[in-house]
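Each number in our numbering comes from the position in the sequence shown (counting from 1) with 5 added on. Everything below concerns the one structure shown next.
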Amino acid sequence: MTWIDSHCHLTYDGLAERLDEVLDRAAAVGVTDCVCIGTDLKNAVRVLELSDQYSNIHAVAGVHPHEAGKVEKGWVEALTGIVSRGDVYAVGEMGLDYHYDFADRDAQKRVFEAQLAIAADVAKPIVIHCREAHVDTLEILEAAAPTSPVVFHCFTGTLNEALEIIDAGYWISLTGVVTFKKSDELREVARRIPGDRLMVETDSPYLAPEPVRSKRPNEPAYVVHTGRCIAEVRGEDIEAFATRVRANTIRFYGLPTHAAAAPGK
Ligand SMILES: [Zn+2]
């Protein structure tokens with residue numbers, strides 16, 4: 006049984022300093038590949054170094070809404086240059102975070118809209134970070150009318166919000182939050198997502214799933230726990246489920262075909 010962690014942050018503290026060990030543990034449980042997300046221009050450079058070094062780490066780059074207040078002159082050109090590379094598979098994570106509000110909301114919106122334009126320019130998939138900003142996020146997406154696939158990563162909203170996202174034609178990716186005891190509504194979401202528009206991720210080093218929730222930090226190997234939980238609530242055979250979400254991830258990002266074969270460094 007093989008999996009892909011469709012969204013993680015391997016350059017962050019807790020994982021970066023012991024990456025070989027982390028990747029070995031992932032490989033040992035069948036996690037063959039990781040999609041590693043760069044959250045600002047500086048971080049994207051680190052992510053690209055990793056993807057150069059490891060053939061099973063795939064890069065995505067964007068400006069996280071938390072960083073939207075810190076962009077410098079020329080950032081659009083710089084990010085466009087990065088995501089134009091053949092080995093960068095999507096633009097993001099981008100979007101709006103009204104829970105933390107680390108950046109001014111107008112700045113968040115401007116930086117989000119600019120990245121949607123970049124994604125259209127380079128014709129690459131879009132990774133959305135949306136926290137307590139469902140209405141504005143959907144409105145901005147609707148106005149931009151992206152022709153590339155869009156995923157709401159680490160979805161933790163309501164069932165109604167999930168159904169609106171699905172109706173709009175977008176994808177949903179779930180983290181270990183779905184395994185938490187109180188996440189009954191999110192498990193209902195997991196049951197209702199069309200099987201061909203669903204991915205699983207760790208968002209590591211954050212959000213370790215049950216039963217390893219108390220362990221810090223989260224890491225790609227733990228995507229198996231989240232996958233098992235979702236397969237159970239959907240009443241699907243875990244092996245068939247793993248195969249399908251893995252194929253979904255390869256299709257969404259357009260990952261190289263070696264991702265479909267054996268793991269490798
Ligand atoms: Zn993330």
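Glycine included, each C-beta is placed from N, C-alpha and C at the ideal position. Remember, it's a predicted structure, so these values are computed and weren't measured experimentally.
Anticipated Cβ contact below 8 Å, residue i with residue j, distance rounded
i	j	result
leucine 203	asparagine 253	6 Å
aspartate 39	asparagine 61	Here residue 39 is cysteine; the residue named in the question, aspartate, does not match the sequence. Contact holds; Cβ gap of about 7 Å.
glutamate 72	aspartate 45	4 Å
leucine 15	leucine 55	6 Å
For residue j and residue i, the rounded distance between their alpha carbons
i	j	result
tyrosine 94	histidine 63	7 Å
methionine 245	isoleucine 255	Contrary to the premise, residue 245 reads as alanine rather than methionine in this sequence. So the two alpha carbons sit approximately 16 Å from each other.
glycine 74	aspartate 242	45 Å
valine 250	proline 199	11 Å
valine 68	threonine 7	30 Å
isoleucine 171	glutamate 118	21 Å
alanine 173	arginine 23	40 Å
isoleucine 235	serine 219	20 Å
alanine 192	leucine 168	Correcting the residue type first, residue 192 is arginine in the shown sequence and not alanine. One C-alpha to the other measures close to 13 Å.
glutamate 98	glycine 43	8 Å
Proximity of residue i and residue j at Cβ, strictly below 7 Å
i	j	result
valine 88	alanine 122	no
leucine 101	alanine 124	no
histidine 158	valine 132	yes
valine 140	glutamine 120	no
tryptophan 176	valine 194	no
tyrosine 17	proline 210	yes
Neighbourhood of residue i by C-beta, 6 Å cutoff - its chain only, sequence neighbours within 5 removed
i	result
arginine 196	Val238, Arg239
threonine 207	Asp10, Cys13, Asn223, Pro225, Tyr227, Val228
Own chain residues within Cβ distance below 8 Å of residue i, not counting five before or after
i	result
histidine 230	Gly181, Thr184, Pro214, Glu215, Pro216, Val217
First and last residue of the uninterrupted beta strand (DSSP E) at residue i
i	result
aspartate 102	93-102
leucine 136	Here residue 136 turns out to be arginine, not leucine, going by the sequence shown. Start and end: 131-136.
alanine 213	Taken as a continuous stretch (DSSP letters only), alanine 213 belongs to no beta strand (DSSP E), as it is neither H nor E.
valine 156	155-157
valine 183	Premise fails: valine 183 is in no beta strand (DSSP E) and is neither H nor E.
histidine 12	8-13
Start and end residues, alpha helix (DSSP H) containing residue i
i	result
phenylalanine 117	110-127
leucine 55	46-58
valine 194	189-197
valine 250	243-258
alanine 2	The first residue shown for the chain is 6 and the last is 270, placing residue 2 beyond what the model contains.
aspartate 25	24-33
alanine 148	139-149
Cβ-based neighbour list, residue i, same chain, cut-off 7 Å, excluding 5 preceding and 5 following
i	result
serine 153	Ala124, Ala128, Lys129, Pro130, Ile131
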